[in-house]
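K.L.:
In our numbering, the protein residues as written are 1 to 235.
If you scroll down you'll find the structure; I have some questions about it.
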C-alpha cells in the first residue's frame, strides 16, 4: 500500500505533467498565426550638446538628442495569447575601431485588452483603454503606431564622452512579444514558417552634427537681439 505522501506526490506529478503539456500546446498555437510586422522610420531633428544627460551624471559629456517620425503596423503580433508588446527604437553605429554600438532612444509597452489592468497609468487613461477594449479579446489597432517629430526618452552618450560628428548612424525599430504562456520572442532577422522578418523599420544613414555649445547659442541670441535693436533705431 502506498502512503498518503506517495499518493500526494503522484497526484502532483500528474498535475504538473498535464499543465506542462497544456502550456506547450497553448504556446505552439502562436506558430499558426502569421506575423508580418512593418515600419517606416526617419529622423526629424538631430542635436548634439554638451552637459549632464542625466541628473545623476557626475561630469559633463556630449550627448545626442534625436527626434524621429515612425509609422508601423505591428497588429499581426497580437493574438489571443499575446499579453503585451514591448516596442523600442535604437540608434546603431560602428566606431572607428570596428565596435558596434547600440543605444535605445525610445520605448513603449502596448497591452492586449485582457491585460489592460497591468498598465501602470492614471484613471483617465485607464477608462479610455477599457472603453476601447469593450467586447474585444484582441485589439489589432493597438499595433498601429503613428509618431511625428517624436521626442526621445533617452539621450545617446558614449563611454569616451564624445559623440559629435559620428557617421553612418541608423535608427531601427524593434519589438518583443510577451505571451501569456510561452517564451519571449524578439524581432527576427530571418523568416520562420509563418513568422516574417521586419519589413523596413530602418532609417537611412545619417551623421550626427557638430557639437552645439551654449556659447554658440548665446552668440546667436545676442546677434539676433542686436539686429533687432538696429532695425528699431532706423527712422
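Backbone N, C-alpha and C define an ideal beta-carbon position, used for all residues, glycine too.
Quick check on residue 203: buried or exposed, where buried means 16 or more other Cβ atoms within 10 Å of its Cβ?
P.N.:
buried
K.L.:
For residue 12, report the span of its alpha helix (DSSP H) as first-last.
P.N.:
4 to 28
K.L.:
Going by beta carbon distance, what residues of the same chain come within less than 8 Å of residue 84, once the five residues before and after it are set aside?
P.N.:
109, 110, 111, 112, 115, 118 and 178
K.L.:
Mind checking residue 91: buried by the 16 CB within 10 Å criterion, or exposed?
P.N.:
buried
K.L.:
Below 9 Å between beta carbons: does that hold for residue 103 and residue 43?
P.N.:
no
K.L.:
Just grab the DSSP bridge partners of residue 97 for me.
P.N.:
DSSP, once it has assigned bridges, lists no residue as partnering residue 97.
K.L.:
For residue 169 and residue 200, I'd like the C-alpha separation in whole angstroms.
P.N.:
16 Å
K.L.:
Once the 5 residues before and after residue 231 are set aside, which same chain residues still bring their CB inside 7 Å of it?
P.N.:
In this prediction, residue 231 has a pLDDT of 49, which is less than 50 and means its spatial position is unreliable; nothing more can be read from the coordinates.
K.L.:
Is DSSP giving residue 181 helix, strand or coil here?
P.N.:
Residue 181 carries a coil assignment under DSSP once its states are collapsed to helix, strand and coil.
K.L.:
For residue 129, I'd like the list of residues in its chain whose CB is within less than 6 Å of its CB, leaving aside the five on either flank, ordered along the chain.
P.N.:
116
K.L.:
Taking Cβ to Cβ, would you say residue 193 is nearer than 9 Å to residue 93?
P.N.:
no
K.L.:
Quick one: what's residue 87 bridged to in DSSP?
P.N.:
Bridge partners of residue 87 according to DSSP: 108 and 175.
K.L.:
Residues in its own chain within less than 8 Å of residue 189 by CB, not counting five upstream and five downstream?
P.N.:
These residues qualify, in order along the chain: 197.
K.L.:
Out of 38, 163, 26 and 99, state which residue places its alpha-carbon closest to the alpha-carbon of residue 173.
P.N.:
Minimum Cα distance to residue 173 is reached at 38.
K.L.:
In whole angstroms, what is the alpha-carbon distance linking residue 41 and residue 57?
P.N.:
30 Å
K.L.:
What residues are listed by DSSP as bridge partners for residue 206?
P.N.:
169
K.L.:
Pick out whichever of 21, 67, 122 and 32 has its Cα sitting closest to the Cα of residue 154.
P.N.:
67
K.L.:
Kindly indicate which residue of 16, 30 and 63 has the alpha-carbon position closest to the one of residue 162.
P.N.:
63
K.L.:
So what's residue 35 in DSSP terms, helix, strand or just coil?
P.N.:
strand
K.L.:
Taking residue 144 as the reference, which of 152, 87 and 98 has the closest Cα?
P.N.:
87
K.L.:
Assign residue 22 to buried or exposed, taking buried as 16 or more other Cβ atoms, counted over all protein chains shown, within 10 Å of its Cβ.
P.N.:
exposed
K.L.:
Got a sec? Which residues, its chain only, sit under 6 Å from residue 51 by beta carbon, not counting five neighbours each side?
P.N.:
Here the set comprises 60.
K.L.:
When you compare the CB positions of residue 48 and residue 165, do they come within less than 9 Å of one another, or not?
P.N.:
Taking 9 Å as the Cβ cut-off, residue 48 and residue 165 qualify as a contacting pair.
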